[in-house]
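Heads up: the sequence shown begins at 1 in the UniProt record's numbering, then just goes up one per residue.
Reading through the structure tokens given below for one structure.
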Amino acid sequence: MTDSKYFTTTKKGEIFELKSELNSEKKEKKREAVKKVIASMTVGKDVSALFPDVVNCMQTDNLELKKLVYLYLMNYAKSHPDMAIMAVNTFVKDCEDTNPLIRALAVRTMGCIRVDKITEYLCEPLRKCLKDEDPYVRKTAAVCVAKLYDINAQLVEDQGFLDQLKDLLSDSNPMVVANAVAALSEMNETNTSGSMLIEMNSQTINKLLTALNECTEWGQVFILDSLANYSPKDDREAQSICERITPRLAHANAAVVLSAVKVLMKFMEILPSDSDFVATLTKKLAPPLVTLLSSEAEVQYVALRNINLIVQKRPDILKHEMKVFFVKYNDPIYVKLEKLDIMIRLASQANIAQVLSELKEYATEVDVDFVRKAVRAIGRCAIKVEQSAERCVSTLLDLIQTKVNYVVQEAIVVIKDIFRKYPNKYESIISTLCENLDTLDEPEARASMIWIIGEYAERIDNADELLESFLEGFQDENTQVQLQLLTAIVKLFLKRPSDTQELVQQVLSLATQDSDNPDLRDRGFIYWRLLSTDPAAAKEVVLAEKPLISEETDLLEPTLLDELICHISSLASVYHKPPSAFVEGRSGFRKSLPARNDLGGVSLAASSAPSQPAVIPSQDTLIGDLLSMDLNVPPTTYNAGSTSSPSVDLLASGIDSLLNADINTSTAPAGSTTSSLGLIGDIFGVPPPTSFVPAKQVWLTAENGKGLEIWGTFSRKSATINMEFSFKNKAMQPMMGFAVQLNKNSFGLTPQRPLQVVSPLIPGGSQDSVLPLNTTGAVQRMEPLTSLQVAVKNNIDVFYFACVVPMHVFFVEDGQMDKRLFLSTWKDIPAQNEVQYTIQNILCNADAVVQKMTQNNVFTIAKRNLEGQDMLYQSLKLTNGIWVLNELKIQPGNPNITLSLKSQALDVAPGVYAAYESILRN
Numbered sequence: 001m002t003d004s005k006y007f008t009t010t011k012k013g014e015i016f017e018l019k020s021e022l023n024s025e026k027k028e029k030k031r032e033a034v035k036k037v038i039a040s041m042t043v044g045k046d047v048s049a050l051f052p053d054v055v056n057c058m059q060t061d062n063l064e065l066k067k068l069v070y071l072y073l074m075n076y077a078k079s080h081p082d083m084a085i086m087a088v089n090t091f092v093k094d095c096e097d098t099n100p101l102i103r104a105l106a107v108r109t110m111g112c113i114r115v116d117k118i119t120e121y122l123c124e125p126l127r128k129c130l131k132d133e134d135p136y137v138r139k140t141a142a143v144c145v146a147k148l149y150d151i152n153a154q155l156v157e158d159q160g161f162l163d164q165l166k167d168l169l170s171d172s173n174p175m176v177v178a179n180a181v182a183a184l185s186e187m188n189e190t191n192t193s194g195s196m197l198i199e200m201n202s203q204t205i206n207k208l209l210t211a212l213n214e215c216t217e218w219g220q221v222f223i224l225d226s227l228a229n230y231s232p233k234d235d236r237e238a239q240s241i242c243e244r245i246t247p248r249l250a251h252a253n254a255a256v257v258l259s260a261v262k263v264l265m266k267f268m269e270i271l272p273s274d275s276d277f278v279a280t281l282t283k284k285l286a287p288p289l290v291t292l293l294s295s296e297a298e299v300q301y302v303a304l305r306n307i308n309l310i311v312q313k314r315p316d317i318l319k320h321e322m323k324v325f326f327v328k329y330n331d332p333i334y335v336k337l338e339k340l341d342i343m344i345r346l347a348s349q350a351n352i353a354q355v356l357s358e359l360k361e362y363a364t365e366v367d368v369d370f371v372r373k374a375v376r377a378i379g380r381c382a383i384k385v386e387q388s389a390e391r392c393v394s395t396l397l398d399l400i401q402t403k404v405n406y407v408v409q410e411a412i413v414v415i416k417d418i419f420r421k422y423p424n425k426y427e428s429i430i431s432t433l434c435e436n437l438d439t440l441d442e443p444e445a446r447a448s449m450i451w452i453i454g455e456y457a458e459r460i461d462n463a464d465e466l467l468e469s470f471l472e473g474f475q476d477e478n479t480q481v482q483l484q485l486l487t488a489i490v491k492l493f494l495k496r497p498s499d500t501q502e503l504v505q506q507v508l509s510l511a512t513q514d515s516d517n518p519d520l521r522d523r524g525f526i527y528w529r530l531l532s533t534d535p536a537a538a539k540e541v542v543l544a545e546k547p548l549i550s551e552e553t554d555l556l557e558p559t560l561l562d563e564l565i566c567h568i569s570s571l572a573s574v575y576h577k578p579p580s581a582f583v584e585g586r587s588g589f590r591k592s593l594p595a596r597n598d599l600g601g602v603s604l605a606a607s608s609a610p611s612q613p614a615v616i617p618s619q620d621t622l623i624g625d626l627l628s629m630d631l632n633v634p635p636t637t638y639n640a641g642s643t644s645s646p647s648v649d650l651l652a653s654g655i656d657s658l659l660n661a662d663i664n665t666s667t668a669p670a671g672s673t674t675s676s677l678g679l680i681g682d683i684f685g686v687p688p689p690t691s692f693v694p695a696k697q698v699w700l701t702a703e704n705g706k707g708l709e710i711w712g713t714f715s716r717k718s719a720t721i722n723m724e725f726s727f728k729n730k731a732m733q734p735m736m737g738f739a740v741q742l743n744k745n746s747f748g749l750t751p752q753r754p755l756q757v758v759s760p761l762i763p764g765g766s767q768d769s770v771l772p773l774n775t776t777g778a779v780q781r782m783e784p785l786t787s788l789q790v791a792v793k794n795n796i797d798v799f800y801f802a803c804v805v806p807m808h809v810f811f812v813e814d815g816q817m818d819k820r821l822f823l824s825t826w827k828d829i830p831a832q833n834e835v836q837y838t839i840q841n842i843l844c845n846a847d848a849v850v851q852k853m854t855q856n857n858v859f860t861i862a863k864r865n866l867e868g869q870d871m872l873y874q875s876l877k878l879t880n881g882i883w884v885l886n887e888l889k890i891q892p893g894n895p896n897i898t899l900s901l902k903s904q905a906l907d908v909a910p911g912v913y914a915a916y917e918s919i920l921r922n
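Now the structure itself:
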């Protein structure tokens, strides 16, 4: 009979019976009782009351019984840590047993019992097992070190287990080597210091490569992953490692193949790109990748996601293998879509004919989603391969003639993109498109058709009638369609003003008066102002030449792609997201491809690099400097910048008269259309919103100031840092003769002019004063970095206090970096100079973040959307010349924002993070 009988018992008083059986003198009865306990534990019954009785069964030579008892201990030790200590002596004894299986079992179980009190007893047995004569015990002990590191990292370092693990990398048994590598890899992943625990050298790498040929497939994966983290000292070593790894490409296990590909892809970056060896490697990489596509669908999908990255990095590898990515009728939809994407990436003038033939065939499939993707793929091919554009357009027209509704709509969407890519080239097909106007019911297709009509209104005789037909149901249209219709009619008016004035007035009224959508209203007001004040300017804005679109828009950002290449064969390469985006508690250590050592890589002249950060001296005596300061500072000239702007007549005649009294901001009721004029103000000279100013805090209490209470904050206005004071006199006598001095600080803050307080400050009175600051004073490092020590003098005494300057006031106005320079600088800053923070509970979308940060001199260099996640790349520059490059990840619906900072001077990172958090919460 099988062991299933142990799971069928439903007797009452079972615990009592088990207790007596566990204490039986008969070994067989005792073993049966332990099996019943394990069975009960497995199905969820609480048998923790039997803990002492089960522990007593540990004293046995029977390996099966010992395994069962250890299994019970692993499950209940955490809930009964005090009782678990009872088993420690047996563990220690078993670690010295003559049977290597029992020794390994004991050390494995001690590692799995995650109880702090037991870890100190584990050290000595573990140290012995790491040097055990039996390789099975040594490989088990190696994994146990990683488990212990997870519980108490400091203990592992103090006890010297890291050095013992390093010794195991040179072990004679390949499985011991593989487990040691696996343990070190796991520990590096959880290491919070951001640096490798053990640096690999050429000698160690050679031993790993030797073990690679003899260990199991999973051992090979661990060794290959560790090799991927190694940086060879020269081309010769990189080439040698590649030659020894190449045989792994023929392995039967897909994980081994992908891990080998990862190492080769990384080392190919080090080798000269024009060398014969790289050309040979490129040819060798194609067959194993193609072979992976003959596996089951799940393995195919993982392989395709990895191939997608490889093709973006090195398209030459698979440029002759287009046919293997052709879709099969029985492929699952997720495999079909991935193959489709790779086909487009590999499309070239040489193979475009067969690609288009395939795509046209796919457009007749029954799967609507796949058909849409196939039609869109034809458009992407037209944009990517210019020589084939005409053939692609012809194919799309053939598909439109099928009159299949969803095919027609998707074709119109992609034809709009083709018009953007090749202006004034294929407009002859517009009449064919207009024939299908009545069949369009999807917002994107309707918006695309409206864009085409507006863009080529001068060539379409009845453009006004076509647009007017859309206007009839304006309120029921999707916002995307409404915005496009508004712009198209304004374009039509600018091209044919004589017979479309009534139409443009109608759409502007609908957009500004009858719509609740702020985007639509703002755009309507802007067009209205432009048309009524300066039609010539309106033409320049609305009919401006548009930038050509590119197929590269769907490529991953280069630094992200480089990082994902380093994670081939992991979950990150399937998600196309870095591990930090989906692994909670992941450390800030990020992988990147090595810099190229040939002339093929992107490099900028030294003159274009951002200035090096200023060196901040160490902090020494501080209060002593304040005590010796001369507070009677001679006055210096201070010229306040003018903030006045030329007046603009917003109420010009013409079309503007339709707005009537709603534009009068002095009489408009709350919630009227005047609230939509905020964006117009930016265009016509109204000063933009000021940067974030924190609320005032108490800097000096009345108790410490002998009746003088000082509140204050810092702001940045007109490129000047201001120290804003509020003085309150809570004493019984007037105060006068105010002066201020600042101690040496990290950013060289010093008063630009004397403190201006109207004397006397009467008892019970209060007064505000703004003190502009320079950043040209003496520099001395403070802790924290933005700490500022201040002395204020009046007729009563000299008072000392310290305050913290918010970091954002040091962000200068010329902190916007060129996009190419940003990418180069990001790569030049080493990985250890990157830290990551999570800004929690921030309800801001990407556009709001861009707007708020721009107001505070943090400039957005690029914005991308990666699988529904917005990625912002921003730069800022501090007053002392330090540059900080930032990456923000914003997931719609997720209140947490991930912020990654890179800088040559990482000391400023906590202050920059605090600035982001304060600004975004404002």
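Note that beta-carbon positions come from the ideal geometry of N, C-alpha and C, so glycine has one too.
DSSP state of residue i mapped onto helix, strand, coil
{"i": "Glu887", "result": "strand"}
{"i": "Lys328", "result": "coil"}
{"i": "Leu508", "result": "helix"}
{"i": "Ser769", "result": "strand"}
{"i": "Leu555", "result": "coil"}
Same chain, Cβ closer than 6 Å to residue i, five either side skipped, listed in chain order
{"i": "Tyr362", "result": "Ala374"}
{"i": "Leu508", "result": "Gly524, Trp528"}
{"i": "Gln482", "result": "Leu520"}
{"i": "Leu227", "result": "Val263"}
Terminal residues of the alpha helix (DSSP H) in which residue i lies
{"i": "Arg716", "result": "Segment 708-717 is the beta strand (DSSP E) holding Arg716; no alpha helix (DSSP H) there."}
{"i": "Ile342", "result": "333-346"}
{"i": "Tyr362", "result": "352-362"}
{"i": "Val47", "result": "Neither: Val47 is in no alpha helix (DSSP H) and is coded neither H nor E."}
{"i": "Val393", "result": "389-401"}
{"i": "Leu162", "result": "161-168"}
{"i": "Val543", "result": "The sequence shown places Leu at residue 543, not Val. It is not in any alpha helix (DSSP H) - Leu543 carries neither H nor E in the DSSP assignment."}
Limits of the beta strand (DSSP E) - the one that residue i falls within
{"i": "Phe725", "result": "720-729"}
{"i": "Phe859", "result": "859-866"}
{"i": "Pro174", "result": "Where Pro174 is concerned, there is no enclosing beta strand (DSSP E), although the alpha helix (DSSP H) it sits in stretches over 174-190."}
{"i": "Ile241", "result": "Segment 235-245 is the alpha helix (DSSP H) holding Ile241; no beta strand (DSSP E) there."}
{"i": "Phe799", "result": "798-804"}
Straight-line Cα distance separating residue j from residue i
{"i": "Asn660", "j": "Asp514", "result": "The predicted model places Asn660 with a pLDDT of 34, which falls under 50 and marks its position as unreliable; any figure quoted below should be read in that light. If I take the Cα positions, the gap works out to 14 Å."}
{"i": "Leu631", "j": "Ser769", "result": "In this prediction, Leu631 scores a pLDDT of 45, lower than 50, which makes its location untrustworthy; the coordinate-derived value is nonetheless stated afterwards. One C-alpha to the other measures close to 17 Å."}
{"i": "Gly764", "j": "Leu788", "result": "28 Å"}
{"i": "Val311", "j": "Asp341", "result": "11 Å"}
{"i": "Val54", "j": "Cys144", "result": "24 Å"}
{"i": "Ala862", "j": "Glu887", "result": "10 Å"}
{"i": "Tyr837", "j": "Lys546", "result": "38 Å"}
{"i": "Asn922", "j": "Phe692", "result": "7 Å"}
{"i": "Arg127", "j": "Thr204", "result": "22 Å"}
{"i": "Gln752", "j": "Ala447", "result": "56 Å"}
{"i": "Val221", "j": "Leu571", "result": "14 Å"}
{"i": "Met74", "j": "Thr280", "result": "52 Å"}
{"i": "Lys696", "j": "Trp711", "result": "6 Å"}
{"i": "Gln239", "j": "Leu356", "result": "40 Å"}
Cross-strand partners of residue i (DSSP beta bridge)
{"i": "Leu742", "result": "Val790"}
{"i": "Tyr873", "result": "Ala862, Glu887"}
{"i": "Asn774", "result": "Thr750"}
{"i": "Phe811", "result": "Leu878"}
{"i": "Val290", "result": "Beta-bridge pairing links Val290 to no other residue."}
{"i": "Tyr837", "result": "Leu899"}
Same chain, Cβ closer than 8 Å to residue i, neighbours up to 5 away in sequence not counted
{"i": "Gln387", "result": "Gln349, Ile352"}
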